[in-house]
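J.: My questions will all concern the structure given below.
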Amino acid sequence: MKLSIIIPCYNAENYLPDLLQCLEGQIMKMAYNSPETDKEVEVFLIDDGSKVPVSADYPWVQIYRKENEGPGIARNVGLDHMTGDYFTFIDADDMVADYYLSAIFDKIEAEDFDYCYLSWTTMPGGWNCTVKLTSVEDKFPGFNLCVWNRVYKTATFGRQRFNPKKLWSEDADFIYRLNERGKKSFISEIMYYYRSDTPDSWTKRMFRGELDYNRIVYNLKEVRPDDTELLEEIRREYADNEIVLLTDSNGIPELEKYCMIMKYNTSCSGMELRGDPFSGFRKIQRPYVTQVLVYVSAEHEIGGIETFTYNFCAHMSKYYDITVLYDAKFAREQMNRLTEIVPVIKNTDRTIICDTAINTRIVKDLPKNIKYKQSIQMSHTCKMKLWGQLSVPQDKDFKVFVSDVAARSFGEKEGEYEVIHNLTLPTETKKALLLVSATRSTPEKGMKRMLMLARHLTRSQIPFIWLYFTKDHINEAPKNLIHMDPTLDISPYIKMADYLVQLSDSEAFGYSMVEALELGTAIITPPFEVLPELGIEEGKHGYVLPWDIDSFDCSKLLKIPKFKYKRDNEKIVKQWRDLLGYTKPTHKYKPSENVTVKIIKTYKDIALDRVVTKDTVMKMPRDRAQIVQQAGYGQIEG
């Protein structure tokens, strides 16, 4: 006969060796005392994602490693591989009596049972409880529907599996569905020692709010037999949640299948309380769960990590559930664009569960409340001398650098890091318009109208830069309305611009408009009467705004007209010659050559309309230089 023992293990390296040594001693003793025995033991260690992988050098042990999903799913792995005639379960942090195996085999030989109950007690260090059975009619306490205090016949129960949705009380659910059918037996000697003080146990993690799990507590003084609505509600909730019923009178025995039942107003913890409120209920905050967590610490108005975070989420959110976590400043504009793609949350003491945690900065570690299966440390920078001893944290599962140059700057060894270049986001976007105006800073030249258009463009969310060439600044101008000092030739700026903007009250000709059109630059203008006379057409050469600028659809400006506009200057020259007469010029005038002048005394230059300071060296026409020298302000050099 063969006995299969299934042991789910999670971070139990401090306890498991003692348990295996205990079993080894019993197996060796059976082999020594009865060499010809057919008693066999196989042990399955199911490593449920322990941080330190489970190991055991015993021929009767088989190890299977999986990701952390809870003891129920881990036990299913053992059930899928077992070959014994009987099977049982042990938790990796518990202990069994030194006669555990011999007592079970003796019971198997003495009785043909389907279901055998085991007496048990708690180990020192936690709460105290002992359950010593005297009859198959004895019942375990309501809080003790556990699979480790029973032995099962494989032929009767071997096809049963744990419900993967039940992360808590999964063994109670397993027992309910077994229905304890078949022939029962029991062992009165203490067989099992339960440890209640394991800090990393599934129970402790649940009470710390570290598991994606819901426990609903019903506190009802009396449950009436005719309360069918309550029964249906609990049946429905039981599928995905653990249910605790606190009552002094349960009139519906069927509820025992779905609830852990304790006395009314008994101190209890859970995520949700229904029924009568009471001070003994301790609320457990459910953890936040996501697949990928990107920890940014803080997000500033601009920066490489900020760009990486947005581009990463934009590309990868189609493949994963991503959450961005911060605990300091988060620039509003960065927040606004990110939240259109993924959730962004501020860190609290709430547990966060994720498959992968990505730390984007090397200067701050991941918060302790993040529970992850794997961690990634990123480095977006090269090491700089001013940083002193700053280094890339080495305690993560993976180190990712944005370039090999960055990795080498920190002295990283080849093969011990990943290089993943930053994602870019070449998406369609609005064009930022470049506008140019050249005008006097007087009211009739449309200064207020320029402000109106600038604000209208901003409200329409059209990005722009507007250079205006004039002597004075426009009061209350927005930051993208940029003052430029007057210059005689602004044609390079006009040619570069998308539009020349002229918003005067009226124009007799509109010189800058015509010059812009000749350079191939469209115009923005009010409905001047002169436009048709100049051959300027709405939509073809630019856009004619109504005097009420706010009624104009600014999105039209994103479609910049392309055109050819040619003036007949030869015809205009002829008109002037017809008027002036066809005389011949003498052409005696020759422009004065420029000479270098060193200023020897500070003065106000009327021609330049500015103060010229002493020791300034400048070029000016010779005749002008002679006037400056004669006035005692400068000295002609050379």
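When you number the sequence shown by our numbering, it's gap-free, plus one each residue, and the end is 706. Just so you know, even glycine gets a beta-carbon here, dropped at the ideal spot from N, CA and C. Remember, predicted model here, so these are calculated numbers, not experimental data.
#1: Phenylalanine 478 to serine 447, Cα distance in whole Å?
#2: Check this for me: beta carbons of glutamate 340 and asparagine 282, under 9 Å apart or not?
#3: DSSP on asparagine 404, reduced to helix/strand/coil?
#4: Nearest to asparagine 318 by CA position, among Asp265, Ser170, Met328, is which residue?
#5: Kindly indicate the opening and closing residues of the beta strand (DSSP E) around tryptophan 188.
#6: For serine 170, I'd like the list of residues in its chain whose CB is within less than 7 Å of its CB, leaving aside the five on either flank, ordered along the chain.
#7: Given threonine 224, which residues of its chain have a CB within under 8 Å of its CB, disregarding the five upstream and five downstream residues?
#8: Which term fits glutamine 353, buried or exposed, when burial requires 16 or more other beta carbons within 10 angstroms of its beta carbon?
#9: How close, in whole Å, do the beta carbons of isoleucine 667 and threonine 681 come, if the pair is a contact with beta carbons under 8 Å?
#10: Just checking my contact of glutamate 305 with isoleucine 284 at CB under 8 Å: how many whole Å lie between their CB atoms?
#11: Please report the residue range of the alpha helix (DSSP H) in which serine 471 lies.
#12: Determine the direct distance from the alpha carbon of lysine 134 to that of proline 121, and round the result to whole angstroms.
#13: If tryptophan 615 sits next to proline 600, beta carbons under 8 Å apart, how far is it from one beta carbon to the other, in whole angstroms?
#14: State the CB to CB distance for the pair lysine 451 and aspartate 423, rounded to an integer number of angstroms; the pair is presumed to be in contact (CB under 8 Å).
#15: Cα separation between histidine 383 and arginine 418?
#16: What is the DSSP secondary structure of lysine 687, counted as helix, strand or coil?
#17: Report all residues from its chain with a CB closer than 6 Å to the CB of alanine 506; omit the five preceding and five following residues, and keep chain order.
#18: Any contact between the segment 106–115 and the segment 145–152? By contact I mean 3 or more CB pairs, one from each, below 8 Å.
#19: In this structure, does DSSP put aspartate 241 in helix, strand or coil?
#20: Comparing alpha-carbon positions, which option in Ile604, Val641, Tyr185, Ile617 lies nearest proline 24?
#21: Can you find the residues in the same chain that come closer than 6 Å, C-beta to C-beta, to serine 509, ignoring five residues on each side of it along the sequence?
#22: Judging by CA-CA distance, which residue of Ile409, Ile373, Arg227, Glu638 is the nearest neighbour of tyrosine 388?
#23: Are the beta-carbon atoms belonging to isoleucine 488 and valine 470 less than 9 Å from one another?
#24: Whole angstroms are fine: how far does the CA of glutamate 81 sit from the CA of leucine 288?
#25: At what residue ranges does the segment 350–417 contain a whole run of the beta strand (DSSP E), taking only runs of 3 or more?
#26: Count the CB pairs spanning the segment 72–79 and the segment 135–146 that are closer than 8 Å, and state whether there are at least three.
#27: Shortest alpha-carbon distance to glutamate 322 belongs to which of Arg303, Asn333, Lys331?
#28: Is there at least one non-hydrogen atom of the ligand ZN closer than 8 Å to the beta-carbon of threonine 151?
#29: Quick check: what's the CA-CA separation for glutamate 194 versus serine 264?
#30: Compute the beta-carbon to beta-carbon distance between tyrosine 485 and lysine 498, rounded to the nearest angstrom, for a pair I have assumed lies under 8 Å.
#31: Relative to the C-alpha of alanine 325, which residue among Ala240, Asp395, Glu401 is closest?
#32: Using C-beta distances below 8 Å, list every residue in its chain close to aspartate 316, excluding the 5 sequence neighbours before and after it, in chain order.
#33: To the nearest angstrom, report how far apart isoleucine 131 and isoleucine 114 are at their CA atoms.
#34: At what residues does the beta strand (DSSP E) containing glutamine 130 begin and finish?
#35: Does the segment 568–588 come close enough to the segment 549–556 to have 3 or more Cβ pairs within less than 8 Å?
#36: Are the Cβ atoms of valine 357 and leucine 393 separated by less than 9 Å?
T.: A quick look at the data gives this:
#1: The alpha-carbon atoms of phenylalanine 478 and serine 447 are separated by roughly 10 Å.
#2: Yes, they are a contact pair.
#3: In the structure shown, asparagine 404 sits in a helix (DSSP, three-state: H, G or I).
#4: Ranked by Cα distance from asparagine 318, the first of Asp265, Ser170, Met328 is Met328.
#5: Where tryptophan 188 is concerned, the enclosing beta strand (DSSP E) stretches over 183–190.
#6: Result list for serine 170: Gln94, Met98, in chain order.
#7: Within the same chain, Asp182, Tyr183, Arg249, Gly250 come within 8 Å of threonine 224 by CB-CB distance, once the 5 residues on both sides are set aside.
#8: Glutamine 353 is exposed by the Cβ-count criterion.
#9: Confirmed, Cβ separation roughly 7 Å.
#10: About 6 Å separates the CB atoms of glutamate 305 and isoleucine 284; that is less than 8 Å, so the two are in contact.
#11: Here serine 471 belongs to no alpha helix (DSSP H), and DSSP marks it neither H nor E.
#12: Their Cα atoms are separated by approximately 10 Å.
#13: Between tryptophan 615 and proline 600, the beta carbon gap of about 17 Å keeps them out of contact (Cβ cut-off 8 Å).
#14: 30 Å between Cβ atoms; not a contact.
#15: For histidine 383 and arginine 418, the distance between alpha carbons rounds to 28 Å.
#16: Look at lysine 687 here: in three-state DSSP terms it is strand.
#17: Phe537, Ile558, Ser580, listed in sequence order.
#18: Segment contact: the segment 106–115 against the segment 145–152, three or more CB-CB distances shorter than 8 Å; contact assigned.
#19: If DSSP states are grouped into helix, strand and coil, aspartate 241 belongs with the helices.
#20: Any question about residue 24 goes unanswered here, given that the chain covers just 69 to 706.
#21: If we look at serine 509 and ignore the five residues flanking it on each side, its Cβ neighbours are Thr538, Lys539, Asp540.
#22: The residue with the shortest Cα to Cα distance from tyrosine 388 is Ile409.
#23: A Cβ-Cβ contact shorter than 9 Å links isoleucine 488 with valine 470.
#24: So the alpha carbons of these two residues sit roughly 42 Å apart.
#25: Taking 3 residues as the shortest admissible run, the segment 350–417 contains the following complete beta strand (DSSP E) segments, listed from N- to C-terminal end: 356–367, 390–398, 412–414.
#26: Yes, they touch.
#27: With distances taken between Cα atoms, glutamate 322 lies closest to Arg303.
#28: Judged by which ligands are present, the structure shown has none, so any question about the ligand ZN falls away.
#29: Reading the sequence as shown, one finds glycine at residue 194 and not glutamate. Looking at the two C-alpha atoms, the distance is approximately 5 Å.
#30: Cβ-Cβ separation between tyrosine 485 and lysine 498: approximately 39 Å, too far for a contact (criterion under 8 Å).
#31: Looking at the sequence itself, residue 325 is lysine, so the reference to alanine does not match. Closest by alpha carbon: Ala240.
#32: The answer, listed in chain order, is Lys289, Glu290, Lys331, Tyr332.
#33: So the alpha carbons of these two residues sit roughly 6 Å apart.
#34: Boundaries of the beta strand (DSSP E) harbouring glutamine 130: 129–134, taken from the DSSP string.
#35: Cβ pair count under 8 Å is below three, so no.
#36: Not a contact, by the Cβ cut-off of 9 Å.
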